[in-house]
Amino acid sequence: MRLPANAVTHYSRLILSWLYAATVFLFMCPDIKAGSLTEAEDTTVINLSEVKVDVKLRIKSKGENGEIILSPRMLRNLPSFGGNPDIMRALQTMPLTTTSSDVSSGISVMGNSSQNNFYSIDNGRIINPLRFLGIFSTYNPSHFSAFHFSPVSNKAYSPNYLGAFIEASTSSYSPPALMGTATVGLINSSASLAIPLGTSSRTWIRLSGRISYIDKIYPGLLKLGHASLLYDFNDLNVTAGHRIGNDGVLKLNVFLTNDRLRVKDTYYDLRGHLSWGNCVIGMTYSDNRQSHSLYSTSLRNKFRMTESMAEVDLPSDICEYGYDGLIRLSDFTIGANVIYRNVLLQHNPNSDIPESELKNNALEISVSGDYLKNFGYFELGTGLRMTYYASNGFSRVYPLPRLTAGYKLSDRAKLSINMSRVMQFSHLIEESNGGLPCNFWINADKRFGPRKSSIIDFRYDGGIKSVPINWSITAFWRNLSNVTEFGGNILNIINSGYEAMDDIFLGKGHSYGVSVMLSAELNKFDGWITYNISRSKLKIPALRDGWFPASFDRCHDLKVNLNYLLSDSWSISSTIIYATGLPFTKAEYGYMLGENLLCHYYPHNSSRLPDYFRVDFGASWRFLKKAHCTHRLDLSVMNATCHRNVLMMNYHYSGKDGFSLIKSGLHSPIPSISYTIDF
Amino acid sequence: MHNIFHIISTILIGLTVLMVSGCSDQLNELNEGRSMPLVIEGWIENGEKPVVMVTRAVDLTQTTDTLEKYIEKWCRVSIYDGENTYYLSGKMDKAYTPAFIYTTSRLHGVAGKTYHLKVELEDEIVEADTRIPSPVAVDSLRIMKNPQCDTLYQVMAFPHIAPGTSDCYKFFTRVRNEEKRFFSSFLGTFEGYTYDPNSGFSVSRGIHNTYNGEQKFSPYYAKGDTVEIRFCHINEDAFRFWQSYETCVSMSGSILFNTLKECKGNIDHAIGYWFGYGLTRTSIIIE
């Protein structure tokens, strides 16, 4: 074992964070009552004239196999940037997820890149719902009733993705009356309206929309180096639902997004017009025994940049049509899944290459069976997914088995082991950091085979019977093959004849770790502490020799989230994150050529940025409750301690100052305020 | 309550033990005592004297000095043209950074000839070869107003390039009385078959370290500027070098785009380049 170089600062912050969290848990929970409930000794019958039932909604709950279910109300309680409660920021505080950098909105789960995650609305896939730099929330939380997060796919009926499953689900019930929410914030506003249709309370429609105006109100806010960035977006959600019989529900979803980014760098005379947009249309039927979904999803990327007189125009898109069906028969679950995916590769529209050569189709057909049997305290499950995949003259059948076993130690404690073999049949080629639309998808084929992963995880879920305190400990190991990384540069594309595919390097990886979560949901207080210790490593011979840490690897990752209800009107929250710095490629030495500083670098990802530390505070004030209207003011301060989290380090030279190291990153607190009306 | 404390404290102690284990990445701090490689920047053009600059690479983790401390002034620099060996003399020249060059007035480049450079310093010897391609004429230069700003201008060059050729070319520019040396024109490297004789090629100013300070860089020219242009016919290794050079200069400070590749020169056991250029000189006044 090795001590980090900056041991004093590292340990003092880590220990202080633990002490803070432990103090809150142990000394600020006046409602903990140990011991079991005892029966009243007095057996006199008492007639009650009025009974008031106080129900505390569970805002975070657990499903099967480590699934976590979050409610929009829980998101609103968390500190947020610009008044935007964001499911991705909340998920970053969950176990098995890694804190991402301040310029990234994706999440890395169980040692997987964020491109391997599967996003959906009511089973309809969304290809890229993430916002630029994670400034705005991924979804409009007022449109949805819950967010489901599964860090790994343990069921054979889960779609073919290596990463986590993040589903936003809409309500399956009609609102009792016209209801809505409107939020006005400093950088964006949103509204949501739920309308019951007819008199039977079985049919409804929900409409939600968001617009942003950060570029109009704060045009100089976003700067990266010499570049000014003007970014805005809007999105629209429409859900129509109808209940059929006692437990069936039919829903139609439409989800449209449009992100626009203009880049202006006067130093290099760089101008960019970038945009990307999702369009998801899906229909789903579900009841207690079965569910069926049909969807169409697409992502269109536009990327046009000019630098001096050189122009780069790189559109690309991906379109997918899918059917997903599930039937539950006693201990068996049978699944079927068909996906047809069409990809238009990134290309220069002025080139002579015909569009037919740029289009690429893939077909995935999967059938699955899961079997789960309870033997009292012991349960055993097995599953098999058979997938036929064909694309570009390449076709194969892949068996993907699953095995799960569990032992119930008590009512609240369970041990389980899960083993899965999973695959993913598309690659995201990332030519940029920050999720710009020059990143594009390709179908797996003979040249770039499907990604494969074998996972094993051991899990212990426990809790205390008499108090709502739960914990989980998960240890996992996974391997990865056919990992891709882009080794070229966006400027190369100026040169005709350049093939971006020639700069895609293949390799393999593995990751392992332990994740611990302790959570409590008490009367006025709830919160959780999550600690991950993990490693994610890759081996890509074209980049460097040997194993190296993945770009999202963080050895230690501690997250504390605390929420306290001061009164009926006031609540406060705090998030504390302390994590090992991300890997980066450091300059070993520099030299001047043509009067510009160039650097020779250490091996890829062989150094680490300084540790990441951030404290966010939030407060919410509910006031003026009249009839069914509630008004709320949400205040947040992100990075309240002004800690300088370094995003990148590079060197400059000037004749006057010599060589100097420039550290770029977020260091100022970001306050925000938003006003919401619920009716 | 006792059980709660016991369980939580067990978890805290266990995790504290785990926390003391650091990330055992291979941190590379191996430069102390290690000799930095030589950096050679040299060129020869038809009809022109050769210019060679020799410095040492700088350990960035150890210093914030200026480049002057890394100039190698006591090298033995020679060029062999196939018939004779010419020894270059070192001299101060503030037109360049570093302000020390090796040159000789006894040798002027000839198109078609190959020149062998040899730099000797104590027990280090580095060598490289280059050939000067034939020069290519520039038919005309035109001035165009910048569409983004009407006080700035761009210069369009129309070199005489055979259509479909795979030969490579490079522009260097200097604004007379403002810049003392020629700089690599920003994005000014291209292959002949990409050239469109109807639209020409935009010749931008070169980015260099002077612009890291208060002076603001613009790739365009202002009214009254006398723009001197060196249009060079270059070899394939020079093309690859200057292309990767432009990418490194543009992208090295970018958070959104990164570049993993380095500039590959043609000098064995050293960094940098020794290139021959088929040179055509021209100039224009922005009016």
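Heads up: the sequence lines are chains A and B, in that order.
Under my numbering, residues 9 to 687 are what the first sequence spells out, in order.
Under my numbering, residues 7 to 293 are what the second sequence spells out, in order.
Glycine included, C-beta positions come from ideal geometry on N, C-alpha and C.
Query, Result
"Kindly indicate which residue of A:598, A:605 and A:684 has the alpha-carbon position closest to the one of residue 640 (chain A).", "A:684"
"What's the gap between the Cα of residue 385 (chain A) and the Cα of residue 416 (chain A)?", "5 Å"
"Taking 8 Å as the cut-off, does the segment 91-105 of chain B touch the segment 131-140 of chain B (at least 3 CB pairs, one atom from each stretch)?", "no"
"At a CB-CB cut-off below 9 Å, which residues of chain A make contact with residue 215 (chain B)?", "600, 603, 604, 605, 660, 661, 662 and 663"
"Can you tell me the Cβ-Cβ gap for residue 125 (chain A) and residue 171 (chain A), rounded? I've got them flagged as a contact below 8 Å.", "4 Å"
"Taking the alpha carbon of residue 333 (chain B) as the point to measure from, which residue in B:112, B:108, B:155 and B:138 has its own alpha carbon closest?", "Given that chain B is displayed from residue 7 to residue 293, the structure contains no residue 333 (chain B) and the question cannot be resolved."
"Mind checking who residue 377 (chain A) pairs with in its DSSP beta bridge?", "A:342 and A:392"
"Using a Cβ-Cβ distance cut-off of 8 Å, determine whether residue 695 (chain A) contacts chain B.", "A question about residue 695 (chain A) goes unanswered here, because the residues of chain A that appear run from 9 up to 687."
"In the DSSP assignment, what residue or residues form a beta bridge with residue 267 (chain A)?", "A:241 and A:284"
"Leaving aside the five residues before and after residue 222 (chain A) along the sequence, list all residues of the same chain whose C-beta is less than 6 Å from its C-beta, in chain order.", "195"
"Touching or not, the segment 595-611 of chain A and the segment 641-648 of chain A, by the rule of three or more beta carbon pairs under 8 Å?", "no"
"Given that a residue counts as buried once 16 or more other Cβ atoms are within 10 Å of its Cβ, and exposed if not, what is residue 123 (chain A)?", "buried"
"Pull up the distance between the alpha-carbon of residue 301 (chain A) and that of residue 490 (chain A), whole angstroms please.", "30 Å"
"Spell out whether any CB of chain A is found under 8 Å from the CB atom of residue 233 (chain B).", "no"
"From A:214, A:240 and A:280, pick the residue whose C-alpha is nearest to that of residue 267 (chain A); which is it?", "A:240"
"Counting only runs that start and end within the segment 289-370 of chain A, where is the alpha helix (DSSP H) found for 4 or more residues in a row?", "363-366"
"Sorted by chain position, which residues of the same chain lie with C-beta nearer than 7 Å to residue 10 (chain A)'s C-beta, five sequence neighbours on each side aside?", "Since pLDDT at residue 10 (chain A) reaches only 38, below the 50 mark, its modelled position is unreliable, and the value read off the structure follows with that caveat. Excluding sequence neighbours, residue 10 (chain A) sits near nothing in its chain."
"Suppose contacts are defined by Cβ-Cβ distances below 8 Å. Is residue 583 (chain A) in contact with residue 624 (chain A) by that definition?", "yes"
"Tell me whether the segment 108-126 of chain B and the segment 45-53 of chain B touch, counting them as touching only if at least three CB pairs, one residue from each stretch, are closer than 8 Å.", "yes"
"Does any CB atom of chain A fall closer than 8 Å to the CB of residue 71 (chain B)?", "yes"
"Would you call the CB atoms of residue 559 (chain A) and residue 497 (chain A) closer than 8 Å?", "no"
"Determine, for residue 134 (chain B), whether the minimum Cβ-Cβ distance to residues of chain A falls below 8 Å.", "no"
"Using a Cβ-Cβ cutoff of 9 Å, what residues of the segment 264-283 of chain B are near chain A? List them in chain order.", "264, 265, 266, 267, 268, 269, 271, 277, 278 and 279"
"Report, in whole angstroms, the separation of the C-beta atoms of residue 4 (chain A) and residue 588 (chain A), which I expect to be a contact under 8 Å.", "The structure shown does not extend to residue 4 (chain A), since chain A is modelled only from 9 to 687, so the question has no answer here."
"From this set, A:479, A:463 and A:462, which residue's C-alpha is nearest residue 470 (chain A)'s C-alpha?", "A:479"
"Suppose contacts are defined by Cβ-Cβ distances below 8 Å. Is residue 414 (chain A) in contact with residue 408 (chain A) by that definition?", "no"
"Check the Cβ of residue 315 (chain A) against every Cβ in chain B and list those closer than 9 Å, keeping chain order.", "192, 193, 225 and 256"
"Tell me, please, which residues DSSP counts as bridged to residue 161 (chain B).", "B:149 and B:209"
"Please report whether the beta-carbon of residue 130 (chain B) lies at a distance below 8 Å from any beta-carbon of chain A.", "no"
"Within this structure, are the beta carbons of residue 577 (chain A) and residue 536 (chain A) separated by less than 8 Å?", "no"
"According to DSSP, is residue 55 (chain B) part of a helix, a strand, or is it coil?", "coil"
"Against chain B, with Cβ distances strictly below 8 Å, would residue 595 (chain A) count as a contact?", "yes"
"Can you tell me where the alpha helix (DSSP H) holding residue 98 (chain A) begins and where it ends?", "95-99"
"Which runs of the beta strand (DSSP E) fall wholly inside the segment 510-567 of chain A and span at least 3 residues, in chain order?", "512-529 and 533-547"
"Going along the chain, which residues of the segment 163-195 of chain B sit with their C-beta nearer than 7 Å to a C-beta in chain A?", "189, 190, 192 and 193"
"Only counting the same chain, and skipping five residues up and downstream in sequence, which positions put a Cβ closer than 6 Å to that of residue 336 (chain A)?", "297"
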